[in-house]
Every structure is written in structure tokens, then in C-alpha cells.
Amino acid sequence: MTELYTLTAHAAHALLTAREVSARALLESVLARIDAVEPRLHSYLRLLPETARAQADAVDAKIAAGEAIGPLEGIPLALKDILCTTGVPTTCASRMLENFIPPYDATVVRRLREAGVIVVGKTNMDEFAMGSSTENSAFGPSHNPWDLSRVPGGSSGGSASAVGGDEALLGIGTDTGGSIRQPAAYCGVVGLKPTYGRVSRYGLIAFASSLDQVGPITKDVTDAALLMNAIAGPDPCDSTCFPEAAPDYTAGLGRSIAGLRIGVPREFFTQEGVQVDAGVERAVRTALDLYAKLGAEIEECSLPNVRFSLPTYYIIAPAEASSNLARYDGVEFGYRQTGTKDIIGMMTASRDRGFGMEVKRRIMLGTYVLSSGYYDAYYLKASQVRTLIRQDFERAFERYDVLVSPTAPSVAFPLGAKVDDPMQMYLNDICTIPINMAGIPALSLPCGYDRGLPVGLQLMGAHWAEPALLQAAYAYEQAAGWTRTAVDEAGRVTAAG
Amino acid sequence: MADYELIVGFEVHAELATATKIFCGCSTEPGAPANTHTCPVCLGLPGVLPVLNGAALEHAVRVALACHCGISSPSIFERKNYYYPDLPKNYQVSQKRAPFGVDGWFDLEVDGTVKRISIVDIHLEEDAGKLVHPEERSAAGYSLVDFNRAGVPLLEVVSGPDLRSVAEAEAYMTAMRRLLQYLGASDARMELGQIRFEANISVRPVGTETLGKRVEIKNLNSFRTVTRAIEYEMARQIDLYERGGAVAQETRLWDDARGETQAMRSKEESHDYRYFPEPDLVPMVFTDAYLADLAAKLPELPAARRTRFIEAFGLPEYDAAILTGEKTIADFVDAAVALGANPKTVSNWIMGEALRLLNEKGLAPDALPITPRALADLIALVDDGKINANQAKQVFAEMFDSGAAPEEIVKARGFAQISDVSALAAIVDAVVAANPDAAAKYTAGDDKPLGFLVGQVMKQSRGQANAPVVNALIRKKLRGE
Chain V
49 MTELYTLTAH AAHALLTARE VSARALLESV LARIDAVEPR LHSYLRLLPE
99 TARAQADAVD AKIAAGEAIG PLEGIPLALK DILCTTGVPT TCASRMLENF
149 IPPYDATVVR RLREAGVIVV GKTNMDEFAM GSSTENSAFG PSHNPWDLSR
199 VPGGSSGGSA SAVGGDEALL GIGTDTGGSI RQPAAYCGVV GLKPTYGRVS
249 RYGLIAFASS LDQVGPITKD VTDAALLMNA IAGPDPCDST CFPEAAPDYT
299 AGLGRSIAGL RIGVPREFFT QEGVQVDAGV ERAVRTALDL YAKLGAEIEE
349 CSLPNVRFSL PTYYIIAPAE ASSNLARYDG VEFGYRQTGT KDIIGMMTAS
399 RDRGFGMEVK RRIMLGTYVL SSGYYDAYYL KASQVRTLIR QDFERAFERY
449 DVLVSPTAPS VAFPLGAKVD DPMQMYLNDI CTIPINMAGI PALSLPCGYD
499 RGLPVGLQLM GAHWAEPALL QAAYAYEQAA GWTRTAVDEA GRVTAAG
Chain S
222 MADYELIVGF EVHAELATAT KIFCGCSTEP GAPANTHTCP VCLGLPGVLP
272 VLNGAALEHA VRVALACHCG ISSPSIFERK NYYYPDLPKN YQVSQKRAPF
322 GVDGWFDLEV DGTVKRISIV DIHLEEDAGK LVHPEERSAA GYSLVDFNRA
372 GVPLLEVVSG PDLRSVAEAE AYMTAMRRLL QYLGASDARM ELGQIRFEAN
422 ISVRPVGTET LGKRVEIKNL NSFRTVTRAI EYEMARQIDL YERGGAVAQE
472 TRLWDDARGE TQAMRSKEES HDYRYFPEPD LVPMVFTDAY LADLAAKLPE
522 LPAARRTRFI EAFGLPEYDA AILTGEKTIA DFVDAAVALG ANPKTVSNWI
572 MGEALRLLNE KGLAPDALPI TPRALADLIA LVDDGKINAN QAKQVFAEMF
622 DSGAAPEEIV KARGFAQISD VSALAAIVDA VVAANPDAAA KYTAGDDKPL
672 GFLVGQVMKQ SRGQANAPVV NALIRKKLRG E
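Taken in order, these protein sequences are the chains called V and S. To convert, take the position in the first sequence, counting from 1, and add 48; that gives the working numbering. To convert, take the position in the second sequence, counting from 1, and add 221; that gives the working numbering.
This is the structure:
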């Protein structure tokens, strides 16, 4: 029999409603899998087996009473440790928040609870979501389930390695410059960054407020759509949240994509300083061939201002971060350095000891670009360029339904390969950052392998076009047949391995 | 010594009269135990987001409209970044580049002439918390923070450097406070810190056009301290120039005990606030229809009300100015008149007894403890001849103290006015008989004893005699008039 922990959420739901499997048995399978592989993957910062078991038993009681259950009820999920959970420490993988216990739930967490999803644990990440490898976690890196010597990507590396390593059926990540999509690509799973404003940010500990979005990390496209159904929608607690109700994201799955207009922007394959690996490009081109066979019309195109995405991102994101992270001063919550002579000393020492190197680097960058005399040259200029980037995408979406590119220029890189070279680390996000700058949705799904490691295919859509992305992704997924079995044969880490 | 001209502009900070804070649902009620009016949002906990209070927004736009400002559309909030332990997020959500109101004006009446004062900027921001220091701070080794005030909505009104004298500055403060009260935007009670003034002060030799270096004065807690600080600062700056020195553009703190301003340490004022647009709030776009609707619904403002009191109520200008000076008093007058009382009589009671008693008891005008209904009833009792003026004063005083209805007081005290001529004539006869000297003098043409004789009659009647009737009786008896 298939191990229950390898199931997708929708497959598990079918077994639960058929009463072939109990929610408790499903959970115990996942917890056993965690016991077996967690010492090598380090996906989680904290496990919540007791509350998870109580929730699973409650779902089973409901099923036993003959009540209907929702599509995600009783399904174990890995939650990124950047979303606030009442009574459960929420650390952002930072010494600063090691002992921070929120008195409230993030809106996404509340919605997951309402949907009956079971949070099995809170996952590792780059500190305050700043990084592309999870190596910036104050509590040690996570490992890629395909090759333990490699990174799982970041910043949502823990959620991606948990889902990719079968330590949860579902995952939640956040994406500021690629932090859902790149780790999803590296770990061979599906990741969706929704349109900015589609999912509430209330309770998401802010990195860069105008870029951050919460989204699903799942084993297949159907699960991504189901998880979106649970978390998307308006929230009176978030003024930047889109006020209209979210659609049913599963509605378009299975519909033909004949006539779908796909644009392939060349700037996502080669750019000054970066060249997508040949093996990655080959996998993406092969995927495009399959799309052509499914009836899509494919055309090369250009988004000239996309090349400014990285520099403008590294002005806007650190600027917002420098202000968002100012509240960590040791006064109200978080790490406090004692024994200092005055309040300034306490604040300075607390921030010095509480934050890691990359966080400090970005706070300094952000403080600099907002400083008197530099604002116009940096922040204001970057905001203007951001508008140009968004307009490039808007023009492209007049011609195309979907844009396609690699999710990252390479497959997962070895641990330690880029930690001493922040610029190389930043360049790794060259394909994902433009999407956050434009505020549009994008999805990464597996499209084959390069040197035995998964390659991610990135689909980008216009604002609020998640249904079109999910429909296109589903069509490819079904036709390509990159099943989980195939993944296993490609050498995925197993309980024994 | 050359003649110098004083130049003053104000930054007025007013606490808006909203029930809840600017970005969360916590109460703004003062006086609660420390940190009880707080929630994750106003404490700035990780992950929280602000949601703008619609009432605060409307107050701000109404004040901007009343000051004839252009309304920025979109208006945006920005973050003002600085570290201070009472500031939960270490940034204050405020407005900088696109505030609600810009380039307005305000007509100020000083000594009977109207002067147009420019309003540069009207913007909304959140208040910070409050540091509470133990008495022996160094020994205790700590200070405490109370975040009840954090997130209370503040409106800042910035005027141009258009005021030229202490009298103008005083008139501006009074008028701006009155405007905010009339608009219902703020209770603006200075003693509760609901309104604060910061003055920008410079001087220049009369006849020159360029502005001198400006000094910003903070820590001004009452109208009186503002006046003292302006006078002090003017003298200090003139003295500096006269001695060949230069005025530094700086922020100075008023020290009320010493009666002088002191420069803040440069460290305290050398902030680079790193303003940038608040990404957690959306830009606010106003339609013309929305603004027109708000403008149409603006209440009657002080100048219009004063004119109406003069024209519709027939009140003297002096009365109208005093009565409309405090919104609560003007509201009282309108209400009493609506109940049928004569406007001038109402005005006499307010300007006389009411203000005298308020003053005597050290109460603010909005603490007037009687209702318009009670005053209207009291006036009716007098008009109907049921009590005399002297009794009415006693009734008023008791109403003021106990809040009882005038009829009840009249009944309890057994007040009744004796207007019956035959009853009063008997008392007059007795008084004249008992005071032959006074009566003779009055008969001989000396008016002075009349008051004495009337007083004696009042005394005999235990204060109940109708004084005008007594007057007439004495005149008739002694002079045959």
C-alpha cells in the first residue's frame, strides 16, 4: 500500500470521505515520516503533534457522526514560521523573536483553522524571509529532500522541503521576491504567489509590505487551487487586500487550453550577468513544446524594463524592511540585551545580537536609500521604475494569456555555495523578482530535471489571473505526467535514504 | 535700537473627538489603567496592519474644507521613522507629501479688523504612548510605558508665518480652538492636553522683506505660556541681533518655571525621519461629489453664528462675540431661545450670573451645570410675575449648585412675589412711618433715600415684594407722582 504521507490532499480527502482512512491515521503517518527524515531535512522549527492529534480526532468524530467535511479538513499542513499563531511561538527564524508568542492569529491561520486544516508544525526559513536558501535561519539551514547537500531554496525553504520530503501534505509560504516559487522549484513541488492583495497579510510578519504575499506550496496543482480556496479573499483587517470575493480556483482545472496564447520573454533566459543553465532552459523549452502540442500558441517576446527589477527591488524591499523591522528594539517584545547603561544602549545591543548578518545588511541598505538627500535618487526613482516594469507586463498581457519562463536560473545549489557572495545569492532571484515588482500572480511547477534535480517552470499571469494560471498548469501537469512515482525514481530522499 | 517686527506661525496639534483610535478599535477615553486600551495593532506587534478610522478621516477633511484648503487626491499616509521607546513601531504614521489639506486660509479678526492667515498644511497622524518614570529613576533602573494613548488620532494644522504680534497670536490660538470645537472635530480642552501649540518665531527689522531664522518652541501647555514664550523669545532674538549675533534655526523648549526657552540638545533634533509612503495603507482618492457633500454639511462656523446672534436675536455685538466664543455656550443660547426665552434676557443671565458663577467655581464653560430648559423656565417665572429679580438670582444660584428645577426651588423656599397693591401699600405706610427722616428727605427732592426705603419694604416682605410696584407706591405717597 502507498504510504499515506505521500498522498496529495485531494487524494487523502477521497480516502477520508470514503472512510478508508482516518484523519488520525493520516496524521500519524505524517508524524512518523517526520520522525524518520526530519533530522536530515530540518524543515521544521517547531512541531505541534498534540494539537494536531486533537484536531485529527475531532475530524474523525465528525466523519463518524456522518457530517460532511470540507476538502481540506483533516489534512496536515506545514506553516511557515512567519505567520502569527495564538499561543505558539512565531520566530521568523530569528534570535530576535525566538521567544515571541503572538496573542493573535494571522487571518490566513484563522482561515486554515476554519477550513479544518491541521497545522503539524511551523517551518524553517531565511531570517525574516530575507534570503534564497534558508541558510540565513538563525536555527540552522534546511536541506533539499532531493540531495541533502543542497539547499531547499528560500526563504520558504522549510515549507518546500517539508512538502517535497513528504513531511506534510500541504505547505504555506510567503513570497516577497520568489520565496514561494524558487524553493518549490528546488524541491520539485508546486508553489503559487498570488496577486498582491489577493490573500490577507494580517498576521504575516512584514519583510517588505508592498511585495509580501502568502501562498500555497503543494504536491500538485489541484491542491494549490484547493488551498487558495481556503486562504484567498477580502479581509477588513488588511487595507491592501482586494475587496472582492475570490473565485473557485478549481473551476477551470481540466478545461482545454487550446488557443492559449503563451509569451516567452527572452529577458528571463539571458540577462547581463546571468545566464540560465542549459539544462534548465532545455527542460523549459521541452515543456513549451508540450504546451504547443496541447494547442497553445507560443511566441517569443520582450519585456525590456524587467532587467531593472533586481536593482529596484534591492532599494524598495530593504527600504520597507528597515522601517518594518524598527519595532524590534527590545522594549515591548523580542530579544532584549540586559546590562546596558541606557535605553539607546539597550536598543542598539538588542538589535546587534538579535538580528543576523543578512537582516542587518538589508536594514542598513534600506536606511541609506531613505536618508535625507538620497530619497529622490533611490527610493523615488525605484518607485518610478517599478511602474515601468508593471507597464511592461500589462502590455504583454494584452497579447498573451500567460508568460512562461524558468523559475530560477539553476537547480538547487550546494549549501554554502553562495553564502559569502550576497550578489550571487541575489542574482538567483532574477526570474522571480519582476513578478513581485509588478504585483502579478505567478506559479512554479515541476517540469523535469537537470542533473537529477527538479526544474521549475514559471507561469505568470495578469492581475487576478490565478484561475488561468492554475488551468494552464493543470493541463501541463496532466499531460507531462511528472508523477510522484517518477520523482521517487529520480532519487528523492526517502526514510531509508 | 532698530524697530523689530515679530513673525509667528503655529503648528496646532488637536486630538480628534473619535470614540476609537486611528487604526484600530481601541477606546480613546482618557483615564483608564495603563495599557488597558491596547490591542496588537496599537501595540505594533509583529504582523499587524492599520485600518483607517473613517470618522478620523472625515474630521480631517472637514477641518481642511473649513480652512478653505485644497484636498490632496490622492492623499497618502507616510511613515516618519525615529526610535523612541514610547513609539511602538519606531515609526509614526503621519502625512508629509500629500496631506489632506494644502494651501488654505483662515480669516482672523483682531481688534475689529479681519486678517487672512494662510494655512499651509492640515494632516492626520497617530499619537505615541507615554513614558512613566519611577520617582527615583536612576535607583529604579527602569521606566514604564503606557500605550493607552498610542494610536489616538491627532490633527495638525500648520499656519504660514503670518502673525505679527502677540495679540494676533493669541487671537489665532483662540479662534483655531473655537473652529475645531464648532466643527466637532476636537473637544480641544487645553487642560487635558487635547490641543497643543508649537510656535515658530522669528524677528526682523521693520521694513525688511526676508524672514529671519526661525525658532520652533515646544512644550507650551497653555495660552498663557505661549504668550510668555513668544514675548521671551522675541526679546531674546532682538537682543542677539542687537549684539551683532545670529539666531540659530533650532528647536527650543519652554521652561515654565524659569520663564525662558532653552535649546534642545542637537542630538535630539538632528533626526532624519526617512519619510516614505506607508505601504500598509492605500492612497485615498476623493470624488468631487463626496467633498461637495461634506462641505454642504459643515456646521455654522463662529463668524456666521455671531452675525446671526446680532441680526436674528438683536443682541449687541459685544454679547454676540462673548456668547459665540464658546461653542457650548452658543449652543445653550440657541436651545434656550428655541424654548421661547427672550434672547437678550438669556444673554443677560449667561453674561452675568452664569459666567460669574463659573468663574467663581473655577469651571470651564462646557461644565455649565444648568440646562437651557431650566433657564427658560426661570425666565418665564420672572416674566409671569411669580418671582422677582432678586429671588430669581437666588433660584439661579441654587439651580447652579443642585441642578434642581426652578419651580421646585421656588416651592421649597416658599418664594412668591407680592404684587398686590393694597398689601404692599400697608407695608409702605409702616416703613414711611418708621423712617421719618428718610421719608422727609425724599419728599424734599433728594432721590437717595428711595433705595433705602424700597429695601426696607423688601425686608418687611421677606424679599417677596414686587420691587417696581413698591417703587411706584413710595413715589406716589411721598411725592404724589
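For each residue, glycine too, the CB sits at the ideal point set by N, CA and C.
For the C-beta of VAL379(V), the chain S residues within less than 8 Å are, from N- to C-terminus, PRO306 and VAL366. The C-alpha of THR138(V) lies about 23 Å from the C-alpha of ARG88(V). When the five nearest sequence neighbours on each side are left out, the beta carbons in the same chain lying within less than 7 Å of the beta carbon of THR446(S) are those of TRP475 and ASP477, in order along the chain. Remark: C-beta atoms of PRO124(V) and LEU74(V) approach each other more closely than 8 Å.
Considering only LEU501(V), LEU308(V), VAL107(V) and ALA216(V), the residue with the shortest C-alpha distance to GLU446(V) is LEU308(V). Three or more beta-carbon pairs separated by less than 8 Å are not found between the segment 482 to 490 of chain V and the segment 189 to 199 of chain V, which leaves the two stretches without contact.
According to DSSP, residue pairing for GLY230(S) in a beta bridge involves ASN421(S). Apart from the 5 residues on each side of it in sequence, ALA450(S) sits with its Cβ closer than 7 Å to the Cβ of ALA420, ILE438, LEU441, TRP475 and THR482 in its chain, given in chain order.
The criterion of a C-beta distance shorter than 8 Å is satisfied by GLY414(V) and GLU368(V).
Taking 8 Å as the threshold, the shortest C-beta distance from LEU273(S) to chain V falls below it. Interface criterion met: the Cβ of TYR427(V) is under 8 Å from a Cβ in chain S. Counting only runs of 3 or more residues that sit fully inside the segment 254 to 333 of chain V, the beta strand (DSSP E) segments are 261 to 266 and 309 to 313, in chain order. For PHE553(S), the enclosing alpha helix (DSSP H) starts and ends at 548 to 559.
Among the residues of chain V, none has a CB under 7 Å from the CB of PRO374(S); the nearest is roughly 16 Å distant.
Taking 8 Å as the cut-off, the Cβ atoms of SER453(V) and GLN506(V) count as close. Taking a Cβ-Cβ threshold of 9 Å, the residues of chain V close to LYS310(S) are SER371, ASN372, ALA374 and ARG375, in chain order. Residues of the segment 395 to 414 of chain V with a Cβ closer than 7 Å to any Cβ of chain S, in chain order: MET395. Separation of THR334(S) and ALA525(S) (C-alpha to C-alpha, rounded to the nearest whole angstrom) is 16 Å. The DSSP-derived three-state label of PHE327(S) is strand.
By the C-beta criterion, the segment 273 to 289 of chain S is judged to be in contact with the segment 391 to 407 of chain S, since at least 3 inter-stretch pairs fall below 8 Å.
Looking at the DSSP output, GLY291(S) sits in a beta bridge with VAL323(S). At the C-beta level, VAL407(V) and ILE363(V) stay beyond 8 Å of one another. Assignment of ASP514(S) by DSSP, reduced to helix, strand and coil, places it in the helix class. In the three-state DSSP reduction, MET485(S) falls in the coil class, being neither helix nor strand. Contact with chain V is found for PRO261(S), since one of that chain's Cβ atoms lies less than 8 Å from the residue's Cβ.
Just so you know, the alpha carbons of ILE117(V) and ALA71(V) end up roughly 11 Å apart.
A straight line joining the alpha-carbon of GLU68(V) with that of THR50(V) spans about 13 Å.
In its chain, beyond the 5 residues on either side, THR182, SER190 and PRO231 have a beta carbon closer than 6 Å to the beta carbon of GLY205(V). Taking a 10 Å sphere around the C-beta of GLY535(S), we find fewer than 16 other C-beta atoms and assign the residue as exposed.
Its Cα nearest to that of ALA59(V), the residue VAL269(V) stands out among TYR497(V), THR386(V) and VAL269(V).
In the three-state reduction of the DSSP assignment, THR133(V) falls in the strand class.
Sequence-distant partners of TRP512(V) (beyond 5 residues in either direction) whose C-beta falls short of 8 Å from its own C-beta, in its chain, are THR243, ARG246, PHE290 and PRO489.
Excluding its 5 nearest sequence neighbours in each direction, LEU365(S) has C-beta neighbours in its own chain below 6 Å: VAL353, listed in chain order.
Taking 8 Å as the CB threshold, ARG370(S) stays off the interface with chain V. Linking LYS466(V) to SER203(V) through their CA atoms gives a straight-line distance of about 14 Å. The three-state reading of DSSP puts GLY573(S) in helix, counting H, G and I together.
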